[in-house]
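The structure under discussion appears below in the form of structure tokens.
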Amino acid sequence: MSYKYGPFRIGYSYDITVSNLALQSAGAHELSLIFEFNQQAQLRLGGRRPAVPCSDSANPLINDSKKYNRKSRRLF
1 MSYKYGPFRI GYSYDITVSN LALQSAGAHE LSLIFEFNQQ AQLRLGGRRP AVPCSDSANP
61 LINDSKKYNR KSRRLF
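Below, the structure written as structure tokens:
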């Protein structure tokens, strides 16, 4: 549930615990206050956020360099 007032948004949510901890936990109440920056830029993009490019070193799986070879691991 949320309420929007200008660039501010106030929200409330309740999280229910569904794991085995449900007997020990009564869930959680969450309140959030959000301030949205640069709303006009978001409208120019049709509501979509622009992509943020990652550097090659951020994802070693797409880098062909031998620098980031995955090491084999033994469990036992």
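In this text, residue positions in the sequence shown follow full-length UniProt numbering: the first is 1, and each later residue adds one.
Cβ coordinates follow ideal geometry from the N, Cα and C atoms, glycine included.
In the DSSP assignment, find the beta strand (DSSP E) that holds residue i and state where it starts and stops.
i	result
Ala28	28-35
Ile10	8-15
Ser2	2-5
Note down, in chain order, each residue of its chain lying with its Cβ closer than 6 angstroms to the Cβ of residue i, except the 5 sequence neighbours on either side.
i	result
Leu23	none
Ile16	Gly27
Ser32	Gly11
Ser25	Thr17
Kindly list the residues whose CB is nearer than 8 angstroms to the CB of residue i, restricted to its own chain and excluding five residues on each side of it in sequence; keep chain order.
i	result
Tyr14	Gly27, Ala28, His29, Glu30
Asn20	none
Phe37	Pro7
Within its chain, find whatever has a CB closer than 7 angstroms to the CB of residue i; leave out the 5 residues flanking it on each side and keep chain order.
i	result
Ser2	Arg9, Ile10, Gly11
Phe35	Pro7, Phe8
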